[in-house]
Amino acid sequence: MVDYKIYGDRELVQLMRGGDERVLVEIYDRYWEKMLAVAFNRLGNLEEAEECVQDVLCKLWKLRNDFSLAKHELANYLARAIRNQSFNILDRRHRERLKAEGYSPIEMVNLHTPERELIARELKRPSLFNFIIFK
Numbered sequence: 001m002v003d004y005k006i007y008g009d010r011e012l013v014q015l016m017r018g019g020d021e022r023v024l025v026e027i028y029d030r031y032w033e034k035m036l037a038v039a040f041n042r043l044g045n046l047e048e049a050e051e052c053v054q055d056v057l058c059k060l061w062k063l064r065n066d067f068s069l070a071k072h073e074l075a076n077y078l079a080r081a082i083r084n085q086s087f088n089i090l091d092r093r094h095r096e097r098l099k100a101e102g103y104s105p106i107e108m109v110n111l112h113t114p115e116r117e118l119i120a121r122e123l124k125r126p127s128l129f130n131f132i133i134f135k
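Residues in the sequence shown are numbered from 1 upward in steps of one, following the numbering used here.
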C-alpha cells in the first residue's frame, strides 16, 4: 500500500489527476483542520464551516482533470477556495434573511363577505326540517 504522506502537494495533484481517490483522503487528512479553522472564523458556525470544507473538497475532486498548481501551493489554493466558498455561504445567508424580512403574512381575509352572511342567516333561520327532527 502506498504511503501518500511522503508525496508533496504537486505530486499529489498529479496522482489525483489520474483518478486516485486515496489522494483526496490524504489532502483531507493534511488540510482538514486548517480549512475548518478558516471557514469557522469566517462563518462563525461549525456546521456551515464543515459543509464549506466538504464543498471545497468535492469541487476539487470534480475539477481534478483540469486542476494544476502552477504558481501556488495547495494550502494557499485551498485557503482561497475556502474563503470564496465562505463568501458564497454568507451571501446565501444574507439573501435568505432579506427574503424573510420582506415576507409579510397574509392579512386577515374579510370573513364578512355577502356569501358568508347569507349562509349564516340560512343556518340561523329555523326550518321545518329542524323543527320536526329536533322537537
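Quick reminder that beta carbons are idealized off the backbone N, C-alpha and C, glycines included.
Item                                                                                                  : Value
Contacting residues, own chain, Cβ-Cβ under 8 Å from I89 (five flanking each side not counted)        : L43, E48, E51, C52
Start and end residues, alpha helix (DSSP H) containing Y77                                           : 74-102
Burial state of V2, where buried means 16 or more other Cβ atoms lie within 10 Å                      : exposed
Continuous alpha helix (DSSP H) assignments of at least 4 residues falling wholly in the region 21-46 : 21-43
Status (buried if at least 16 other CB within 10 Å, exposed otherwise) for S68                        : exposed
Secondary structure of L63, DSSP reduced to three states                                              : coil
Alpha-carbon spacing of A75 relative to R93, whole angstroms                                          : 27 Å
C-alpha distance - W61 paired with K34, whole-angstrom precision                                      : 18 Å
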